[in-house]
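Protein chains in written order, with my numbering: chain A, 1 to 90; chain B, 1 to 451; chain C, 1 to 445. Ideal Cβ positions, reconstructed from N, Cα and C, are used throughout, including at glycine. Shown next, in structure tokens, is the structure this report addresses.
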Amino acid sequence: MDIETVRKVARVARLKLTPDEEKEFARDLEEVLTYFSLLDEAPRVDTHDFNPVRVADVLREDDPARDVNAEKLRDSMDTYQDMVRGPRLS
Amino acid sequence: MRIGLEVHVQLPTRSKLFCSCSTSAEEPNSSICPTCLGFPGSRPAINRKALEMAVQIARFLQCRIAPEIWFSRKTYFYPDLPKHFQITQYDSPVGVDGHFMVEGKSIGIWRVHVEEDPGRIKRVGRSGEEVSLIDYNRSGIPLVEIVTAPDLSSPDEARIFLTELLVELRHIIGTSAGDEQSVRADANISMGEERVEVKNVQGLRNLERALKFEANRQQRMLESGMKVVRETRRFDEERKVTLSAREKEFEEDYGYIGEPDLGVYDLTRFASSMPEIETPLRRAQRMSAHYVVDYEKARQIVLTSMALADLFEAIAKRVDPEVAMNWTLGPISNNWSQLLPRLTEQVVEDVVTVVQQVVDRQITDSEGRRRIGAIAVGECAQDVSCAVEDALLDSIISQYLDEHPQVLKDYASNPRSANSVIGHVMKVAQGKYNSQEVVEAVRKEIERRKG
Amino acid sequence: MSRFPCPDKLLKLNQRFKIFTELAEDLSFLQEYPPRTHFSAKDNLCAVGFQARAGSRILEGYRPPFDATAIWRMRQEGAALLGKTNMDEFGFGTFCTNSGYDIPRNPFDEERACGGSSGGAAAATSLLEGHVALGVSTGGSISCPASFCGVIGLTPTYGRISRHGLIDYANSLDKIGLLVRDPLALRKWLPVISGPDPKDPTSCVQPALVTSGRRVERVAVPKEATENLSSGVESQFARSLASLQEEHGILVEEVSMPSLRFALSAYYVLATSEASTNLARYCGMRFGVRNLDISQHFNDFFAETRSANFGTEAKRRILLGTYARMVGFRDRYYMKALAVRQLVIAEYKKMFQDFDLVLTPTMPFIAPHFAEIERMRPLEAYQADFLTVPPNLAGLPHLSLPCGYSDSMPVGMQLVAPHWEERLLLDIADRWTSKFKMRFPEVSA
Numbered sequence: 001m002d003i004e005t006v007r008k009v010a011r012v013a014r015l016k017l018t019p020d021e022e023k024e025f026a027r028d029l030e031e032v033l034t035y036f037s038l039l040d041e042a043p044r045v046d047t048h049d050f051n052p053v054r055v056a057d058v059l060r061e062d063d064p065a066r067d068v069n070a071e072k073l074r075d076s077m078d079t080y081q082d083m084v085r086g087p088r089l090s
Numbered sequence: 001m002r003i004g005l006e007v008h009v010q011l012p013t014r015s016k017l018f019c020s021c022s023t024s025a026e027e028p029n030s031s032i033c034p035t036c037l038g039f040p041g042s043r044p045a046i047n048r049k050a051l052e053m054a055v056q057i058a059r060f061l062q063c064r065i066a067p068e069i070w071f072s073r074k075t076y077f078y079p080d081l082p083k084h085f086q087i088t089q090y091d092s093p094v095g096v097d098g099h100f101m102v103e104g105k106s107i108g109i110w111r112v113h114v115e116e117d118p119g120r121i122k123r124v125g126r127s128g129e130e131v132s133l134i135d136y137n138r139s140g141i142p143l144v145e146i147v148t149a150p151d152l153s154s155p156d157e158a159r160i161f162l163t164e165l166l167v168e169l170r171h172i173i174g175t176s177a178g179d180e181q182s183v184r185a186d187a188n189i190s191m192g193e194e195r196v197e198v199k200n201v202q203g204l205r206n207l208e209r210a211l212k213f214e215a216n217r218q219q220r221m222l223e224s225g226m227k228v229v230r231e232t233r234r235f236d237e238e239r240k241v242t243l244s245a246r247e248k249e250f251e252e253d254y255g256y257i258g259e260p261d262l263g264v265y266d267l268t269r270f271a272s273s274m275p276e277i278e279t280p281l282r283r284a285q286r287m288s289a290h291y292v293v294d295y296e297k298a299r300q301i302v303l304t305s306m307a308l309a310d311l312f313e314a315i316a317k318r319v320d321p322e323v324a325m326n327w328t329l330g331p332i333s334n335n336w337s338q339l340l341p342r343l344t345e346q347v348v349e350d351v352v353t354v355v356q357q358v359v360d361r362q363i364t365d366s367e368g369r370r371r372i373g374a375i376a377v378g379e380c381a382q383d384v385s386c387a388v389e390d391a392l393l394d395s396i397i398s399q400y401l402d403e404h405p406q407v408l409k410d411y412a413s414n415p416r417s418a419n420s421v422i423g424h425v426m427k428v429a430q431g432k433y434n435s436q437e438v439v440e441a442v443r444k445e446i447e448r449r450k451g
Numbered sequence: 001m002s003r004f005p006c007p008d009k010l011l012k013l014n015q016r017f018k019i020f021t022e023l024a025e026d027l028s029f030l031q032e033y034p035p036r037t038h039f040s041a042k043d044n045l046c047a048v049g050f051q052a053r054a055g056s057r058i059l060e061g062y063r064p065p066f067d068a069t070a071i072w073r074m075r076q077e078g079a080a081l082l083g084k085t086n087m088d089e090f091g092f093g094t095f096c097t098n099s100g101y102d103i104p105r106n107p108f109d110e111e112r113a114c115g116g117s118s119g120g121a122a123a124a125t126s127l128l129e130g131h132v133a134l135g136v137s138t139g140g141s142i143s144c145p146a147s148f149c150g151v152i153g154l155t156p157t158y159g160r161i162s163r164h165g166l167i168d169y170a171n172s173l174d175k176i177g178l179l180v181r182d183p184l185a186l187r188k189w190l191p192v193i194s195g196p197d198p199k200d201p202t203s204c205v206q207p208a209l210v211t212s213g214r215r216v217e218r219v220a221v222p223k224e225a226t227e228n229l230s231s232g233v234e235s236q237f238a239r240s241l242a243s244l245q246e247e248h249g250i251l252v253e254e255v256s257m258p259s260l261r262f263a264l265s266a267y268y269v270l271a272t273s274e275a276s277t278n279l280a281r282y283c284g285m286r287f288g289v290r291n292l293d294i295s296q297h298f299n300d301f302f303a304e305t306r307s308a309n310f311g312t313e314a315k316r317r318i319l320l321g322t323y324a325r326m327v328g329f330r331d332r333y334y335m336k337a338l339a340v341r342q343l344v345i346a347e348y349k350k351m352f353q354d355f356d357l358v359l360t361p362t363m364p365f366i367a368p369h370f371a372e373i374e375r376m377r378p379l380e381a382y383q384a385d386f387l388t389v390p391p392n393l394a395g396l397p398h399l400s401l402p403c404g405y406s407d408s409m410p411v412g413m414q415l416v417a418p419h420w421e422e423r424l425l426l427d428i429a430d431r432w433t434s435k436f437k438m439r440f441p442e443v444s445a
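So, in structure tokens, the structure goes:
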């Protein structure tokens, strides 16, 4: 796998890699993806089953409820006037 | 000009889409839990009511309802998105290929699907250096996203489209008219070749402003020979202009995968257990066609209240629909706020009876109106004293005509001889009747005697 | 060690073998009478009163505000939580050498690994009599350490145990399970932690757990699973087959399951795809390690925290998983892997028409030395999972039983049952251990 692709994937995943890491991961990914190409031999079946057992029609009633104290949750985060602080936007 | 909209409507459920947090919260970050905060170890459980509302909306928009749906993770990094993925529907919308009529024109609806709202970001600090403050009360609120075809051809048309759509949707899902808070839209607008996307416009008023500004901007560019660049813009609410959204420094590849924690949902069974709802404007169209009355008037009725429409239809089954319309938009509407809370089957029957009696000339127009007013405040309409008053009017007229036979003789050549009768009645009755009905009653009696 | 270790001994043991990443503050319950069952939870399970770091630096300081359902149910039943056990970061590993904290040592030989990713859980079970360990398996993380440390590891059907409070690796593959020395403990505690939980919808489709009513009579051994084994494992496995037939009257037959060869790639594609989305939330905000420099642009803010606090294997899997879902690759990898999973499930279902269980060795070798592991390429380490991955991919319940010893190190065999048929595994566990003499490490703390 070429370095440019590794860089692109790292950007999408918000990972900052050192040049050494880039080289190493390029090599690792190349080996693993080559092995993954075994999948090309398997027959193609269109499926939208995302679980190994069928999970269907599990619904929750529209009843408000509270298990965990909201104030405790708020206190565990970094807040300013009850709003959670986040990084720069622009 | 071609405009397409992606409309996000908050669903008025009591709890959020994937957790049981209440959807009504006052203080910031007061309605939160590990799930809508994306804490490690938390997971979603979907709200039945939200799914029901989505199916109702898709059905109303004449969409083809998917037999089975599932959810997907849309991964991107932004401070308002707790898990850094949004649970949405990528390749499995609730409904597709629908349409919505606006002033006789069909606007295509490409898809309707369900997704969760992210938190609300407040930008603070100097422009260009703003940091974020986030309120997660909004995180996890259920949204329905409605994507239209680019069939809208002007900002005005877009505004009308959205206004009418919201009237209908409000009835289906039961929101109150707080559109400015609960509706957001992304608009795609192109005058020529390239499409500009204006993202995240809050509320109808801002949408109209954004579209008008953007249409103008593109128009001016084309007129001065410049090319419109394909880009994403945002609407600045304070300055009322669209601005180029900063080029994304990093790339996003949403990398959609299925959401295994939720599984699949059989919508065929789900949808068949829900009754169809007739929405206001659809009803106005039906009433206008069926009763052969003016659509605008029918529309006025349904927009006042569906119960008013019920009442209109009850009356229109017994008297001429035009008359029913006049009474509905007239005396009944005038008393509506008091009448509505009292609307039992008996009260409806009483109102219908009053109108019928006026039509049959058993009581005067004036008396009819008085009786409607009486019913509205809970008094007995069949007030004997009023029946007496009607009889009283007739007897005053009769008596005068008996005493002044000249009126009758003169009437043939000079109808204004009736004025003396009218004047007499008004003086004697001392304001008990309005002039209109006195004129009516006098003329009626004279004609009767002559005929 | 005696059934109820005294706190001092326990601390010394922990110092030597690095079993627990966090021990309960108050260990006096160990000396209560009547005694309570002591249990441990892998550190990716949330428990109020403990940190939950899932073997990762990025969750340093995270104190969950709620209990995982499995832990809550154990506590309700009277068991006492001893501590949180060491693991590979987020479950990413076959040997429990990828931790951001301590690496547990194999109780049979301190120079060797425990197996992963529930390494600490297996070590605890091996060293502490009467201990019940909650482990988690995604691709074999209960079976592998059970095999390497000579204990019994049960991985129930996917969806049998609620995952509420489990820090996710891969939502369609994670299963909570048990590591014990005595099958009676399985019978006692499996029903306690099983059952629907509205907080985890995937746990709400299970039929009721049945623990009796069927007996193991016929077992299939896929020939694809008897290649590439170390000679030690090969011979111990062969002896076990003979024992099953002669001593237990079970019919053992060789079969072929050709789609098993796709299982490993499909597993790693799905697991890393899901993991790369599950790990997106770790960014220096709200929980775990906080980044206090909010003057940074959010992309840098996120990237910095993540890069500084994720280990190498975590980064590797995030990159792999992100790639497998990207536009242009998603069809070939992610979508294909979904299809292969269905293929593997169908292959097992076909086997179960004629057989009660499918049997293979658990791991292709005994617990390796740490030095050996360091020399392995990533792909080599992944391929060590080729025996445990298939039932994990298919969500089938499976059991690792100690079945022999080679070079004084434990060897395990793995039995796979149809979905929801844990009772077959309980049956074979009872019968096997009635004849097989399990060895435990001689340790004086």
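Report the residue from 181(C), 162(C), 180(C) whose alpha carbon sits nearest the alpha carbon of residue 172(C).
When 181(C), 162(C), 180(C) are compared, the shortest CA-CA separation from residue 172(C) is found for 162(C).
With a CB to CB cut of under 7 Å and the five nearest residues on each side skipped, what residues in its chain are close to residue 50(B)?
11, 13, 17, 114, 142
Which residues of chain A have a Cβ atom closer than 8 Å to the Cβ of residue 33(B), listed in chain order?
Here the neighbours are 66, 67, 68, 70, 73.
With 16 other CB atoms within 10 Å as the buried threshold, where does residue 29(B) fall?
buried
Using a Cβ-Cβ cutoff of 8 Å, what residues of the region 78-98 of chain B are near chain C? List them in chain order.
78, 79, 82, 83, 84, 85
Within 8 Å (strictly less), CB to CB, does residue 59(A) reach chain B?
yes
Can you tell which of 76(B), 135(B), 108(B), 56(B) has the C-alpha that lies nearest to the C-alpha of residue 32(B)?
135(B)
Look at the Cβ atom of residue 60(A), then the Cβ atom of residue 339(C), and state whether they are nearer than 8 Å.
no
Let me check understanding here. Comparing Cα to Cα, which of 146(C), 375(C), 441(C) lies closest to residue 116(C)?
146(C)
What residues match up with residue 363(C) in a beta bridge as DSSP calls it?
BP columns for residue 363(C) are empty, so no partner.
CB-CB under 8 Å to residue 366(B), same chain, minus the five flanking residues each way: which ones, in chain order?
433, 434, 436, 437
At a CB-CB cut-off below 8 Å, which residues of chain C make contact with residue 63(A)?
Under the 8 Å cutoff, chain C gives no residues; its nearest Cβ is about 11 Å from residue 63(A).
DSSP on residue 167(C), reduced to helix/strand/coil?
Coil, per DSSP.
Grouping DSSP H, G and I as helix and E and B as strand, with all else coil, what is residue 46(B)?
coil
Do residue 161(B) and residue 102(B) have their C-beta atoms within less than 8 Å of each other?
yes
Rounding to the nearest angstrom, what Cα-Cα distance links residue 65(B) and residue 35(C) in this structure?
59 Å
Can you list, in chain order, the residues of its chain with a C-beta nearer than 8 Å to that of residue 271(B)? Leave out the 5 residues immediately preceding and following it.
55, 59, 65
Find the residues of chain A that neighbour residue 343(C), judging by a C-beta separation of less than 8 Å, and give them in chain order.
Within chain A, the residues near residue 343(C) are 42, 43, 45.
Counting only the same chain and skipping the five closest in sequence on each side, list residues whose C-beta sits under 8 Å from that of residue 222(B).
191, 192, 228
Would you list, in chain order, the members of the region 256-270 of chain B that have their beta-carbon closer than 9 Å to a beta-carbon of chain C?
Residues passing the 9 Å Cβ filter: 256, 257, 258, 259, 260, 261, 262, 263.
Mind listing which residues of the region 73-90 of chain A have their C-beta closer than 8 Å to chain C's C-betas, in chain order?
73, 76, 77, 78, 84, 85, 86, 87, 88, 89, 90
I'd like to know whether the C-beta of residue 232(B) is nearer than 8 Å to at least one C-beta of chain C.
no
In chain order, what residues of the region 185-218 of chain C put their CB closer than 7 Å to some CB of chain A?
198, 201, 202, 204, 205
What first and last residue would you give for the alpha helix (DSSP H) that runs through residue 357(B)?
That run of the alpha helix (DSSP H) goes 345-359.
Answer with yes or no whether the minimum CB distance from residue 249(B) to chain C is below 8 Å.
Because residue 249(B) sits at a pLDDT of 47, beneath the cut-off of 50, its placement in the model cannot be relied upon, and the following sentence gives the value as read from the coordinates. The beta carbon of residue 249(B) sits closer than 8 Å to some beta carbon of chain C.
When you compare each of 332(C), 275(C), 184(C), 190(C) to residue 130(C) by their alpha carbons, which one comes out closest?
184(C)
Residue 438(C) to residue 133(C), Cα distance in whole Å?
Looking at the two C-alpha atoms, the distance is approximately 18 Å.
Where residue 333(C) and residue 53(A) are concerned, what is the direct C-alpha to C-alpha distance, given to the nearest angstrom?
Between the C-alpha atoms of residue 333(C) and residue 53(A) there is a straight-line separation of about 21 Å.
Taking 7 Å as the cut-off, is the CB of residue 112(C) close to at least one heavy atom of the ligand SAH?
Judged by which ligands are present, the structure shown has none, so any question about the ligand SAH falls away.
Quick one, which of 236(B), 195(B), 201(B) has its alpha-carbon nearest residue 219(B)'s?
195(B)
Taking any Cβ of chain A, which residues in the region 357-388 of chain C have a Cβ under 9 Å from it, in chain order?
377, 378, 379, 382, 383
Only counting the same chain, and skipping five residues up and downstream in sequence, which positions put a Cβ closer than 8 Å to that of residue 424(B)?
396, 400
Could you give the distance in angstroms between the alpha-carbon of residue 40(B) and the alpha-carbon of residue 216(B)?
48 Å
From the beta carbon of residue 155(C), is the nearest beta carbon of chain B less than 8 Å away?
Under the 8 Å criterion on CB atoms, residue 155(C) is classed as non-interfacial with respect to chain B.
For the region 48-81 of chain C, list every residue whose C-beta sits within 8 Å of some C-beta in chain A, in sequence order.
63, 65, 66
Under the three-state reduction of DSSP, which class applies to residue 96(C): helix, strand or coil?
coil
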